[in-house]
Amino acid sequence: MTRFNFYSLLLPLCWAGAAFAGQTATGDESILAKEAARANNQSLLWGPYKSNLYFGVRPRIPESLSAGLLWAKVDDFATAQGNFRHTCEQNEGMAGYGWDEYDIRKGGRQTIHDAGNSLDLTIDFVKVPGGEHGGSWAARVKGVPREDAPPDQPTTIIFYSTLEGLGDLAVTTEPEDPRGFEGDVRLSGNTPDLGDFSIDVTAGPETNEHPEHDHPSYEDKPLDRTLVSSSTIQPEHVWQTKVILFSQMKGEVNEIIQKYGPDNPPPPPQVFSIKNIPGDGNIHLVQKVFKGEFEFDILFSSGSSPQPVTSEKLTEEIASASLSFADRFEKILPPQAPFDSRDYSEFSKSMLSNLVGGIGYFYGTDVIDRSAAPEYDEENEGFWEETAEARARAHAVLEGPKQLFTSVPSRPFFPRGFLWDEGFHLIPVLEWDTDLALEVVKSWLSLMDEDGWIAREQILGSEARSKVPPEFTVQYPHYANPPTLFIILEAFIDQLVANKNISVDRSQEDLTETLGSVYTQHPELGEAYIRSIYPLLKKHYAWYRNTQRGEVSSYDREAFSSKEAYRWRGRSIQHILTSGLDDYPRAQPPHPGELHVDLISWMGMMTRALRRIAETLGETEDAEEFKVYETAIERNIDDLHWDEEAQTYCDATIDEFEESVHVCHKGYISLFPFLTGMIGPDSPRLKAILDLIGDPEELWSDYGIRSLSKKDEFYGTAENYWRSPIWVNINYLVFKNLYDIATTAGPHQEQARELYSNLRKNVVENVFREWKETGFAWEQYNPETGQGQRTQHFTGWTSMVVKMMSMPDLPASKQTGHDEL
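FYI, the numbering for the sequence shown is 1 to 821, going by UniProt numbering.
In structure tokens:
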């Protein structure tokens with residue numbers, strides 16, 4: 001049965017306007033909250049939110065307007081069709097691409113080094129506030145042939161705009177020539193949410209040149225004209241722009257062959273073109289063909305704005321956005337020594353910009369198995385076979401539509417939302433733009449069902465599903481994922497505490513000037529935000545406790561608490577995908593009596609965060625209850641998972657004699673009590689943990705901390721996904737907790753300081769070196785060579801190096817205080 005996602009109703013745009021749980025906001029606070037929410041939504045309405053495209057713009061509105069670009073060099077019949085770019089892909093000969101600088105509220109610059117097309121593209125995108133519908137936006141597109149290309153290389157580039165829902169969209173420029181447009185092209189339209197608007201695609205400067213030839217076809221379709229094709233198709237298919245383009249080109253090719261014969265074709269730029277049929281429709285293709293360098297503008301003007309956007313205004317806004325970004329970056333996240341050079345600054349700006357520039361808005365249905373098969377409890381020996389059979393016979397259903405505003409791990413390979421990735425994504429974002437981070441958290445929480453479950457992978461709509469193998473699209477309501485959003489909420493509580501006593505003069509305040517930090521500059525609004533989501537957080541927490549609990553008493557385990565033990569559901573022989581650590585070695589064979597040290601550690605972090613939230617809100621009884629759970633988890637981590645002989649934390653399982661035993665594979669799993677902050681500076685376990693981290697025969701490498709010990713029998717074996725490679729997200733957790741120990745008085749302060757300083761240097765230098773050599777950040781890094789591996793353009797949690805660079809180095813033992821990360 002499909003369950004209505006009613007919790008999303010608790011989070012309207014003016015979520016802070018009405019206080020939650022019986023609390024009443026003052027009149028001034030309510031007005032301020034509503035104005036803050038309105039200004040925030042206006043500022044974030046438009047953006048390059050189609051993360052899967054090299055350039056795709058849309059508003060955060062379901063079934064609305066969108067726009068994008070396709071391009072290709074058209075110098076050869078054999079390769080031209082394969083050269084067309086649209087969706088971000090890993091196999092298209094890119095020498096690097098992404099945002100060099102980008103602020104989600106103002107805009108920025110993206111460069112695309114398309115080696116396969118011998119073309120460098122620069123796309124400046126800016127937002128121009130004004131009016132009632134999120135303001136206007138504009139983009140300037142510049143192309144320059146690369147050094148290995150002829151200077152007169154022909155390039156075709158197609159701007160398109162589509163309309164998926166209610167409204168109208170039409171070409172309103174009257175062409176003087178039926179063969180195409182010589183000047184600017186204007187689309188005009190309206191929708192219920194955007195009002196009236198226009199989109200101008202300019203002819204560009206006079207320096208633009210176009211291919212010419214003496215083939216008779218040139219008289220029918222000269223290439224110095226802009227061609228516009230307007231059509232109407234089923235709204236659910238408008239995202240398939242490349243297919244639509246090729247279909248139209250195929251019709252033109254057939255006509256050309258019929259007219260001129262296969263032995264006398266026009267040149268490729270002429271062949272790979274569309275018919276000029278401007279008019280009404282829900283998809284409009286605007287094609288230009290250039291020779292050599294080129295430039296043109298795309299100007300979206302909201303009818304409610306005081307004045308339309310012009311190319312002159314765009315030039316001003318490009319310069320303003322760049323200066324604003326540079327100034328803000330130097331104030332908030334400047335790299336610290338030894339990374340305070342220009343090269344590292346540009347690297348850090350790029351990594352941050354790609355993280356924020358990769359934020360997308362997704363809307364559509366998802367696929368969920370609501371069968372609630374009893375096998376999913378995984379209570380019997382051999383349960384993994386039973387659950388596989390249950391999944392095979394289940395009938396998954398489409399639910400929704402739903403919407404999500406989220407960062408993505410990788411635009412070419414993972415252009416969708418991942419629950420455990422998102423908490424890492426938001427660590428630098430929270431510092432850069434706190435209000436944005438809270439907006440993303442709120443969006444994720446709005447997906448919670450009535451039981452408190454949030455699907456770990458959000459694949460919303462057919463466009464998102466087109467990038468995912470069918471066997472991975474189904475989501476299961478008993479599957480968890482590391483609750484990393486609570487890292488963000490705990491860090492936000494730190495911000496509220498730090499700003500609680502700040503006095504702000506609101507008499508002359510313009511909230512649009514403080515967007516990004518409204519909810520920290522006004523702690524009462526931040527507290528209202530936390531109060532509004534608090535019931536959802538408790539429900540989410542209860543879902544974890546109810547569905548991921550492990551057994552203590554049933555197997556005669558000795559522990560402080562008989563209840564605080566946990567194991568991931570979704571286990572197979574070689575994988576626990578739900579843990580996020582996929583193929584990391586676990587007990588063999590799987591057993592329903594397993595206990596997982598990483599999960600109980602996550603539960604400890606989650607409990608601590610909720611306890612601190614409850615204290616901030618004055619929910620004393622809740623805080624006391626969470627403190628009881630927190631203490632029990634801390635004690636049970638040691639009682640259930642510490643192995644005295646191995647001197648490490650381990651998973652537990654049940655052996656053939658029905659005895660509880662440890663399964664020890666030193667690596668990331670062993671570190672989780674430390675990674676989640678459950679191990680303090682005075683812990684008797686800390687020395688062994690620090691020794692393991694720093695041992696080059698175990699986890700330490702010149703490029704970062706290995707995922708599995710070199711001494712482990714499974715090191716580098718089989719899939720080798722989490723069995724040796726270096727992952728920047730876990731290295732950041734190591735780094736962050738080393739910093740906490742290094743800046744707090746204790747017996748191991750000096751050892752932590754040295755590890756912190758060396759780890760920071762190793763990870764940052766390696767990610768930077770690979771970025772310079774390949775043009776990309778990578779999903780993981782080889783522990784023997786430092787080489788980037790697996791998914792390229794992985795500007796999700798690999799962007800954690802931005803935080804690592806912005807933290808101070810600790811070259812000498814002169815620590816006097818503890819600055820919170």
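Each residue gets a CB set at the ideal place from its N, CA and C atoms; glycine is no exception.
By the CB criterion at 7 Å, Met606 and Pro483 fall inside the cutoff. A distance below 7 Å separates the beta carbons of Gly68 and Phe55.
The shortest C-alpha to C-alpha distance from His596 to any of Glu615, Gly423, Trp642 and Pro178 is the one to Trp642. The beta carbon of Glu431 lies closer than 7 Å to those of Ile332 and Leu333 in the same chain, with the five residues before and after it left out.
Gly604: member of the alpha helix (DSSP H) spanning Val597 to Leu617, first to last residue. In the assembly as shown, Gln588 is an exposed residue. Its beta-carbon has fewer than 16 other beta-carbons within 10 Å.
For Leu640, the three-state secondary structure derived from DSSP is helix.
Residue environment analysis places Ala480 among the buried positions, since at least 16 neighbouring C-beta atoms fall within 10 angstroms of its C-beta. In the structure shown, the three-state DSSP call for Ala36 is helix. Around the CB of Pro469, fewer than 16 other CB atoms lie within 10 Å, so the residue is classed as exposed.
DSSP places Glu779 within a strand segment (E or B) once states are collapsed to three. Ranked by Cα distance from Met351, the first of Phe290, Trp797, Asp809 and Pro681 is Trp797. Nearest to Arg456 by C-alpha distance, out of Trp568, Gln248 and Tyr519, is Trp568. Here the segment 571 to 588 lies against the segment 714 to 724, with 3 or more beta-carbon pairs under 8 Å apart. In summary, Thr785 is exposed, with fewer than 16 beta-carbon neighbours lying within 10 Å of its beta-carbon over all protein chains present. Within the DSSP secondary-structure output, Trp700 pairs in a beta bridge with Ile705. Membership of Tyr529 in the alpha helix (DSSP H) is indicated by the continuous run Pro523 to Thr547. One thing to note: Ala170 has its Cβ no nearer than 7 Å to the Cβ of Leu299. DSSP lists Ile368 as the beta-bridge partner residues of Gln475.
Here the alpha carbon of Phe424 sits roughly 24 Å from the alpha carbon of Asn41.
Comparing alpha carbon positions, the residue from Ala565, Val663 and Gly360 closest to Thr631 is Ala565. Residue state for His237 is assigned as helix, using DSSP reduced to three classes.
The segment 613 to 620 makes no contact with the segment 634 to 653: fewer than 3 CB pairs, one atom from each, lie closer than 8 Å.
Taken through DSSP and simplified to helix, strand or coil, Ala390 comes out as helix. The segment 532 to 540 and the segment 439 to 450 touch, with three or more beta-carbon pairs separated by less than 8 Å.
Where Tyr732 is concerned, the enclosing alpha helix (DSSP H) starts and stops at Val728 to Ala742.
Comparing C-alpha distances from Thr744 to each of Arg391, Val801, Arg549 and Gly680 shows the shortest one belongs to Gly680. DSSP places Glu399 inside the beta strand (DSSP E), whose first and last residues are Val397 to Thr406.
As a beta-bridge residue in DSSP terms, Ile123 pairs with Gln110 and Val141.
Within the segment 59 to 119, the complete beta strand (DSSP E) segments at least 3 residues long are 65 to 73, 94 to 103 and 107 to 114, listed from N- to C-terminus. A distance of 7 Å or more separates the beta carbons of Gly358 and Gly461. 7 Å or more divides the Cβ of His210 from the Cβ of Pro266. In this structure, Asn729 sits away from Pro415, with a CB-CB distance that is not shorter than 7 Å. Rounded to whole angstroms, Asn766 and Tyr703 show a C-alpha spacing of 6 Å. Check the Cα spacing between Pro62 and each of Thr648, Gln403, Leu489 and Ile530: the tightest is with Gln403.
Taking each of Gln234, Leu690, Ala528 and Thr191 in turn and checking the Cα distance to Lys34, the smallest one comes out for Ala528.
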